[in-house]
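Notes for the one structure printed next.
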Ligand code: ADP
Ligand code: MG
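In this note's numbering, the protein residues as written are 531 to 897.
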């Protein structure tokens with residue numbers, strides 16, 4: 531089931547009538563979510579992810595714009611009639627019910643033509659439980675389960691009605707690191723097995739990148755960029771997106787373009803064509819540095835962190851916006867810890883220029 535968001539906008543009135551301004555939580559969001567895909571809705575806290583999800587679910591009504599499931603306009607449809615499955619950060623299971631009763635609950639509320647027989651309900655509940663691998667735990671109470679198991683029950687409960695669209699709002703936030711990894715892979719597996727169009731909300735870029743077919747990066751209610759995770763990482767449209775994706779994060783430096791060369795301080799680090807002379811903001815991915823004893827970029831060496839396969843070289847440069855510059859290089863490269871300076875050349879496809887005022891990307895060709 532494809533999901534179409536058409537000029538979706540949500541404005542909340544100010545809480546303080548006199549002083550406050552209204553909040554544009556989601557601003558003119560247009561996107562066609564392809565059938566059967568998992569979309570990661572990504573951005574910092576307060577950027578409008580949940581509000582977008584709640585509008586898709588029907589829990590909140592858009593101020594303007596439309597939502598379609600397939601060809602059906604569902605904008606005015608109630609949550610119950612949209613055929614969605616919802617999972618939140620806190621699992622919200624009924625504590626006095628067993629796992630089985632929790633999963634059965636949404637089916638028992640079906641009315642009219644959707645009403646199911648007892649046998650059919652049991653069958654569906656076991657199928658959903660099997661899918662999330664909790665069918666052994668059906669007689670337990672939520673308090674007898676780990677956080678990860680509870681979240682699986684919540685997912686089974688969302689799946690049992692065979693939703694047309696699955697909506698997940700930060701479903702892994704309450705899990706510890708190991709479970710978070712495991713459960714996100716689980717969600718991906720279930721999504722692939724069922725083929726349900728899924729929107730997965732998270733503020734964690736690594737989480738979104740790792741399981742999404744496409745990511746949508748939002749900032750202050752405005753969509754910044756939509757694309758496959760790798761494409762967005764490799765080709766960010768502005769400084770915000772470049773900074774939001776990647777661990778360790780992109781290195782940001784101040785510099786200038788003059789006579790077809792990009793300067794960091796006195797160092798002419800790259801020759802480019804098609805860019806007018808100007809001050810710029812430079813983004814260099816950690817993997818965009820090459821150790822080079824004749825390299826143009828000089829940094830002061832602070833430290834080398836061993837990461838196993840790779841090493842992370844920590845250095846400083848007066849032009850750097852952050853206190854430290856972090857490069858990632860293969861551990862086979864030996865770094866002389868005794869030297870004061872580390873010299874780099876840069877990889878052009880990992881090296882981005884941004885307009886100093888607008889922070890939009892400046893495209894260049896390598897000479
Ligand atoms: P996210 O899920 O990305 O953290 P939200 O969608 O929850 O962000 O919120 C987006 C913006 O809308 C925030 O500025 C938030 O304070 C505001 N907001 C959310 N819900 C309400 C509400 N019910 N009333 C007023 N403002 C709200
Ligand atoms: Mg939220």
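Here a beta-carbon is modelled for each residue, glycine too, at the ideal position from N, C-alpha and C.
Quick caveat, the model's predicted, so the values are computed rather than measured.
Taking 7 Å as the cut-off, is the beta-carbon of residue 880 closer than that to any non-hydrogen atom of the ligand ADP?
Here residue 880 is taken as the residue at index 350 of the chain shown, counted from 1. No, since every heavy atom of the ligand ADP falls outside the 7 Å radius drawn around the Cβ of residue 880.
Terminal residues of the continuous alpha helix (DSSP H) containing residue 580?
Translated into the one-based positions of the chain shown, residue 580 becomes position 50. It spans 579-587 - the alpha helix (DSSP H) in which residue 580 sits, taken as one unbroken run.
Determine the closest residue to residue 611 out of 725, 810, 694, 772, with distance taken between C-alpha atoms.
Reading the chain shown from its first residue, position 81 is the one you call residue 611. If we check each option's Cα against that of residue 611, 694 comes out closest.
Look at residue 563 and residue 596 and say whether their C-beta atoms are less than 8 Å apart.
Taking the chain shown and counting its residues from 1, one reaches residue 563 at position 33. Taking the chain shown and counting its residues from 1, one reaches residue 596 at position 66. Going by C-beta atoms, residue 563 is not nearer than 8 Å to residue 596.
Buried or exposed: which applies to residue 836, given that a residue is buried once 16 or more other Cβ atoms fall within 10 Å of its Cβ?
The residue labelled residue 836 in the question sits at position 306 within the chain shown. When all chains shown are included, residue 836 counts as exposed.
Touch check for the region 572-589 and the region 656-672: three-plus C-beta pairs under 8 Å?
no
Thinking C-beta only, is residue 625 closer than 8 Å to residue 687?
Counting from 1 along the chain shown, the entry for residue 687 is found at position 157. Counting from 1 along the chain shown, the entry for residue 625 is found at position 95. No, they are not a contact pair.
Closer than 6 Å is what we want: which residues have a beta carbon that near any heavy atom of the ligand ADP? List them in chain order.
Qualifying residues, in the order they occur: 542, 553, 555, 573, 575, 576, 577, 578, 579, 580, 581.
Looking at residue 699 and the ligand MG, is the gap between the Cβ and the nearest heavy atom below 7 Å?
Taking the first residue of the chain shown as position 1, residue 699 is located at position 169. Yes; taking the cut-off as 7 Å, the Cβ of residue 699 has a heavy atom of the ligand MG nearer than that.
Start and end of the beta strand (DSSP E) containing residue 830?
By one-based count along the chain shown, residue 830 stands at place 300. 827-836 is the span of the beta strand (DSSP E), which, as asked, contains residue 830.
Jot down the residue ranges of each uninterrupted alpha helix (DSSP H) in the region 711-756, minimum 4 residues, whole runs only, in chain order.
735-741
Can you give the Cα-Cα distance for residue 599 and residue 767, rounded to whole angstroms?
Translated into positions along the chain shown, residue 599 becomes position 69. Translated into positions along the chain shown, residue 767 becomes position 237. Their Cα atoms are separated by approximately 29 Å.
For residue 791, report the span of its alpha helix (DSSP H) as first-last.
Here residue 791 refers to the residue found at position 261 of the chain shown. For residue 791, no alpha helix (DSSP H) encloses it; the enclosing beta strand (DSSP E) starts and ends at 791-794.
In or out: residue 861 buried (at least 16 other Cβ within 10 Å) or exposed?
Position 331 of the chain shown holds residue 861. By the neighbour-count rule (16 or more Cβ atoms within 10 Å), residue 861 is not buried but exposed.
Taking 7 Å as the limit between beta carbons, can you name the residues of its chain near residue 542, skipping five residues before and five after?
In the chain shown, residue 542 corresponds to position 12, counting from 1. Counting only Cβ-Cβ distances below 7 Å, and skipping sequence neighbours, we find 552, 553, 555.
Taking residue 663 as the reference, which of 817, 648, 717, 776 has the closest Cα?
Counted from its first residue, the chain shown places residue 663 at position 133. It is 717 whose Cα lies nearest to the Cα of residue 663.
Report yes if the C-beta distance between residue 751 and residue 713 is below 8 Å; otherwise report no.
Along the chain shown, one-based indexing puts residue 751 at 221. Along the chain shown, one-based indexing puts residue 713 at 183. Not in contact: residue 751 and residue 713 (Cβ atoms no closer than 8 Å).
Where does residue 871 land, buried or exposed, given buried means 16+ other C-beta within 10 angstroms?
The count along the chain shown starts at 1 and reaches residue 871 at position 341. It counts as exposed.
Cα-Cα, which of 815, 874, 867 is closest to residue 829?
As a first step, residue 829 must be located in the chain shown, where it is residue number 299. Of the listed residues, the one whose Cα sits closest to residue 829 is 874.
Given the structure, does residue 815 come close to the ligand ATP, in the sense that its CB is under 7 Å from one of the ligand's heavy atoms?
The ligand ATP is not among the ligands present in this structure, which contains only the ligand ADP and the ligand MG.
Count the other CB atoms within 10 Å of the CB of residue 737; is the residue buried (16 or more) or exposed (fewer)?
Within the chain shown, residue 737 is the residue found at index 207, counting from 1. Burial call: buried.
Could you tell me the boundaries of the alpha helix (DSSP H) in which residue 762 lies?
Counting from 1 along the chain shown, the entry for residue 762 is found at position 232. Looking at the DSSP string, the run of the alpha helix (DSSP H) that includes residue 762 is 759-764.
Report the partner residues of residue 843 according to the DSSP bridge assignment.
By 1-based counting over the chain shown, the position of residue 843 is 313. Within the DSSP secondary-structure output, residue 843 pairs in a beta bridge with 834, 857.
Using DSSP bridges, identify the partner residues of residue 768.
Locating residue 768 in the chain shown gives position 238, counting from the first residue. DSSP lists 890 as partners of residue 768.
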